[in-house]
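K.L.:
Protein chains: 2
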Amino acid sequence: MNDEQPPEPRWLTTEEQRTWRAYLHATTLLEDHLDRQLQRDAGMPHIYYGLLVQLSQAPRRTLRMTQLAKDAKITRSRLSHAIARLEKNGWVRREDCPSDKRGQNAVLTDEGYGVLERTAPGHVAAVRQAIFDRLSAEQVAQLGEIMKVMAEGLQPTDVNADLPWLR
Amino acid sequence: MNDEQPPEPRWLTTEEQRTWRAYLHATTLLEDHLDRQLQRDAGMPHIYYGLLVQLSQAPRRTLRMTQLAKDAKITRSRLSHAIARLEKNGWVRREDCPSDKRGQNAVLTDEGYGVLERTAPGHVAAVRQAIFDRLSAEQVAQLGEIMKVMAEGLQPTDVNADLPWLR
DNA sequence: CTTGCTTACTTGAACTCTCAAGCTTATGCC
DNA sequence: GGCATAAGCTTGAGAGTTCAAGTAAGCAAG
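Chains F and V supply the protein sequences, listed in that same order. UniProt numbering numbers the first residue of the first sequence as 1 and each following residue consecutively. UniProt numbering numbers the first residue of the second sequence as 1 and each following residue consecutively.
1. Closest Cβ-Cβ distance between histidine 81 of chain F and chain V: below 7 Å?
2. Return no unless some Cβ of chain F is closer than 7 Å to the Cβ of arginine 93 of chain V.
3. Assuming histidine 46 of chain F contacts leucine 34 of chain F under a Cβ cut-off of 8 Å, what Cβ separation, rounded to an integer in Å, is found between them?
4. How far does the alpha helix (DSSP H) with glutamine 37 of chain V in it reach, from first residue to last?
5. Taking alanine 151 of chain F as the query, report the chain V residues whose CB atoms sit under 8 Å from its CB, ordered along the chain.
6. Note down, in chain order, every chain F residue with its Cβ under 8 Å from the Cβ of proline 121 of chain V.
7. Would you mind reading off the limits of the beta strand (DSSP E) that contains glutamine 104 of chain F?
8. May I have the straight-line CA-CA distance separating glutamine 139 of chain F from valine 53 of chain F, to the nearest angstrom?
9. Compare the beta carbon distance of residue 203 of chain F and tyrosine 48 of chain F with 7 Å and say whether it is the shorter of the two.
10. For aspartate 110 of chain F, which option in F:Thr119, F:Arg93, F:Arg102 and F:His123 has the closest C-alpha, if you only look at C-alpha atoms?
11. Give the range of the alpha helix (DSSP H) segment to which threonine 66 of chain V is assigned.
12. Which residues, in chain order, does the region 54-87 of chain F contribute to contact with chain V at a C-beta distance below 7 Å?
13. Below 8 Å on the Cβ atoms is my guess for threonine 119 of chain V versus alanine 58 of chain V; work out the distance and round it to an integer in Å.
14. Looking at alanine 130 of chain F and glycine 153 of chain V, is the spacing between their C-beta atoms short of 7 Å?
15. Is it true that the CB of glutamate 95 of chain V sits closer than 7 Å to the CB of valine 107 of chain V?
16. For a test of the three-state rule: what should DSSP assign to threonine 75 of chain F, helix, strand or coil?
17. With a threshold of 7 Å between beta carbons, is proline 164 of chain F in contact with chain V?
18. Is the beta carbon of alanine 69 of chain V closer than 7 Å to that of leucine 55 of chain V?
19. From serine 99 of chain V to glutamate 87 of chain F, what does the alpha carbon distance come to, in whole angstroms?
20. Please decide whether valine 115 of chain F counts as near chain V, where near means a Cβ-Cβ distance under 7 Å.
21. Should leucine 142 of chain V be flagged as near chain F, meaning a C-beta pair shorter than 7 Å?
22. Secondary structure at arginine 10 of chain F, three-state DSSP: helix, strand or coil?
23. In terms of alpha-carbon separation, which member of F:Asp3, F:Tyr113 and F:Gln155 lies closest to arginine 60 of chain F?
24. In three-state DSSP terms, what is glutamate 145 of chain F?
25. Check the Cβ-Cβ distances between valine 159 of chain V and every residue of chain F, and say whether any is below 7 Å.
26. Measure how close the beta-carbons of valine 124 of chain V and tryptophan 91 of chain V come, nearest whole angstrom, since I'm counting them as under 8 Å.
27. Quick check: the Cα distance between glutamate 31 of chain F and isoleucine 146 of chain F, rounded to an integer number of angstroms?
28. Is the beta carbon of glutamine 142 of chain F less than 7 Å from the beta carbon of glutamine 142 of chain V?
29. Taking 7 Å as the CB-CB cut-off, is methionine 147 of chain F touching chain V?
30. Out of curiosity, what's the CA-to-CA distance linking glutamate 4 of chain F and alanine 126 of chain V?
31. Are the C-beta of threonine 14 of chain V and some C-beta of chain F separated by less than 7 Å?
In structure tokens:
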């Protein structure tokens, strides 16, 4: 027989709950806000905009699909669908990768770059208004550090990459 | 003629960019992580789980649709679809509101409560592992304050509610 | 050189979200 | 009462996301 009881879970303290709720509210409100802002002004959701930004900063405005997916923290499947849509808009072009016949490069077109040029100011203004105009310099630094720590803990590092005993 | 130039937008400083990127990475990674965790263990996305939690804490486990939508920071349309799905699962029931024939109440069923009981420990553990186990008490307090400020700035207060000259 | 495993990417179906439109009931005003 | 407007909620269609499955090309071992 198994007499073990599941251990009483460590619930959140009142203070932690307050923080967690505030986190959920702020992040969902902001994401909705930016999604609407960009959908209205740039004709695409926030995540798609982020893809164009990544491409615009890459050498030759070109990135391998897998790399872009990693940078943007999304699955390759999602990226495939997204690039298909952006390609239909004429903002991104696909190219075969010369060195690896399995590979695809996503390339930001001039049109895509133009969209970015036209809409970036409005987007930055929205971000600024939501965050940086409301926080002290100290808080911005704190936020940066906190988010860095959180992101590190969530990085989907290759499973087993840190498990030498499985190699 | 119009000689006005659009003012050069105030771009983000390097420090602000770093913080903004960290924010985007951490929030998308966490949301994906929790969505998968709950989809796997509770059979619903994070936001749906949040709806059940709200209901579980309301008197008589009942809430008007509009109120629930406000609490969860989602549109009424989205809520309608969500409740329809949860109703199909038998976790929520709709009731006509006695005092207002337009109104609908969402009620958490016993089954719904059961799902919550069974899955809450795992969910809390995931949240704890992603945030509270990795941050100092001080950082938790900072995060709470920062998120509170951000949420306040994004609150979709009724348009015009703060514009007395339009009344 | 071929067998088997891995990597890169795509696809389709099921599900969710958004947006605009629609229905019903409440409320204020004459 | 009768009318206009607002509030509460739903619906359907189009767009986006997820998950599992599929194709094709690299790679390593024998």
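From the three backbone atoms N, C-alpha and C, an ideal C-beta is built for every residue, glycine too. Since the model is a prediction, treat every value here as computed from it, not as a measurement.
P.N.:
Looking at the atomic coordinates:
1. As a first step, residue 81 of chain F must be located in the first sequence, where it is residue number 81. Chain V contact via Cβ: absent.
2. Position 93 of the second sequence holds residue 93 of chain V. No, because no Cβ of chain F sits closer than 7 Å to the Cβ of arginine 93 of chain V.
3. Numbered from its first residue, the first sequence carries residue 46 of chain F at position 46. Numbered from its first residue, the first sequence carries residue 34 of chain F at position 34. That belief holds up - the Cβ atoms of histidine 46 of chain F and leucine 34 of chain F are roughly 5 Å apart, short of 8 Å.
4. Walking along the second sequence from the start, residue 37 of chain V turns up at place 37. First-last of the alpha helix (DSSP H) with glutamine 37 of chain V: 14-42.
5. If you number the first sequence from 1, residue 151 of chain F lands on position 151. Residues of chain V passing the Cβ test: Ala22, His25, Ala26 and Leu29.
6. For the purposes of this step, residue 121 of chain V is taken as residue 121 along the second sequence, with counting starting at 1. Chain F residues near proline 121 of chain V: Pro6 and Pro9.
7. Taking the first sequence and counting its residues from 1, the one referred to as residue 104 of chain F is at position 104. First-last of the beta strand (DSSP E) with glutamine 104 of chain F: 104-108.
8. Position 139 of the first sequence, counting from 1, holds the residue named residue 139 of chain F. Position 53 of the first sequence, counting from 1, holds the residue named residue 53 of chain F. Between the C-alpha atoms of glutamine 139 of chain F and valine 53 of chain F there is a straight-line separation of about 26 Å.
9. Residue 203 of chain F lies beyond the stretch modelled for chain F, which goes from 1 to 167, so this question has no answer here.
10. Indexing the first sequence from 1 puts residue 110 of chain F at position 110. When each option's Cα is compared against that of aspartate 110 of chain F, the closest is F:Arg93.
11. Translated into positions along the second sequence, residue 66 of chain V becomes position 66. It spans 65-72 - the alpha helix (DSSP H) in which threonine 66 of chain V sits, taken as one unbroken run.
12. The region 54-87 of chain F vs chain V, Cβ under 7 Å: Lys73.
13. Here residue 119 of chain V corresponds to residue number 119 of the second sequence, with the count starting at 1. Here residue 58 of chain V corresponds to residue number 58 of the second sequence, with the count starting at 1. With 8 Å as the limit, threonine 119 of chain V and alanine 58 of chain V do not qualify as a contact, their Cβ atoms being about 19 Å apart.
14. As a working note, residue 153 of chain V is residue 153 in the second sequence. As a working note, residue 130 of chain F is residue 130 in the first sequence. The answer is yes: Cβ separation under 7 Å.
15. Residue 107 of chain V sits at position 107 when you count from the first residue of the second sequence. Residue 95 of chain V sits at position 95 when you count from the first residue of the second sequence. Yes, the Cβ-Cβ distance between valine 107 of chain V and glutamate 95 of chain V is below 7 Å.
16. Here the question's residue 75 of chain F lines up with position 75 in the first sequence. In this structure, threonine 75 of chain F counts as coil in the three-state DSSP scheme.
17. In the first sequence, residue 164 of chain F corresponds to position 164, counting from 1. For proline 164 of chain F, the predicted structure reports a pLDDT of 41, less than 50, and the residue's modelled location is therefore unreliable. A value from the coordinates is still provided. It does not: the Cβ of proline 164 of chain F has no partner Cβ on chain V nearer than 7 Å.
18. Position 55 of the second sequence, counted from the first residue, corresponds to residue 55 of chain V. Position 69 of the second sequence, counted from the first residue, corresponds to residue 69 of chain V. Judged by beta-carbon spacing, alanine 69 of chain V lies beyond the 7 Å limit of leucine 55 of chain V, meaning their Cβ atoms are not closer than that value.
19. On the second sequence, residue 99 of chain V is found 99 positions in, with the first residue counted as 1. On the first sequence, residue 87 of chain F is found 87 positions in, with the first residue counted as 1. The C-alpha of serine 99 of chain V lies about 52 Å from the C-alpha of glutamate 87 of chain F.
20. Position 115 of the first sequence, counting from 1, holds the residue named residue 115 of chain F. Judged by the 7 Å Cβ criterion, valine 115 of chain F is not in contact with chain V.
21. For this step, residue 142 of chain V is matched to residue 142 along the second sequence. According to the sequence provided, residue 142 of chain V is glutamine. The question's leucine does not apply to it. Taking Cβ atoms only, chain F reaches closer than 7 Å to glutamine 142 of chain V, which makes this a yes.
22. Sequence index remark: in the first sequence, residue 10 of chain F carries index 10 (1-based). Coil, per DSSP.
23. For the purposes of this step, residue 60 of chain F is taken as the residue at position 60 of the first sequence. The option with the nearest alpha carbon to arginine 60 of chain F is F:Tyr113.
24. Within the first sequence, residue 145 of chain F is the residue found at index 145, counting from 1. Here glutamate 145 of chain F sits in helix by DSSP.
25. Position 159 of the second sequence, counted from the first residue, corresponds to residue 159 of chain V. Confidence at valine 159 of chain V is low in this model, with a pLDDT of 44, below 50, so its placement is unreliable and no value can be given for it.
26. Here residue 124 of chain V corresponds to residue number 124 of the second sequence, with the count starting at 1. Here residue 91 of chain V corresponds to residue number 91 of the second sequence, with the count starting at 1. In fact, because the Cβ distance is near 19 Å, the residues do not count as touching under 8 Å.
27. To locate residue 31 of chain F, count along the first sequence from 1; it is residue 31. To locate residue 146 of chain F, count along the first sequence from 1; it is residue 146. Each residue's Cα considered, the two are about 19 Å apart.
28. The residue you call residue 142 of chain F lines up with position 142 of the first sequence. The residue you call residue 142 of chain V lines up with position 142 of the second sequence. Yes, the pair counts as a contact, with Cβ atoms nearer than the cut-off.
29. The sequence position of residue 147 of chain F within the first sequence is 147, counting from 1. Judged by the 7 Å Cβ criterion, methionine 147 of chain F is in contact with chain V.
30. In the first sequence, counting from the first residue as 1, residue 4 of chain F sits at position 4. In the second sequence, counting from the first residue as 1, residue 126 of chain V sits at position 126. If I take the Cα positions, the gap works out to 22 Å.
31. As a working note, residue 14 of chain V is residue 14 in the second sequence. Chain F, which has no Cβ nearer than 7 Å to the Cβ of threonine 14 of chain V, makes this no.
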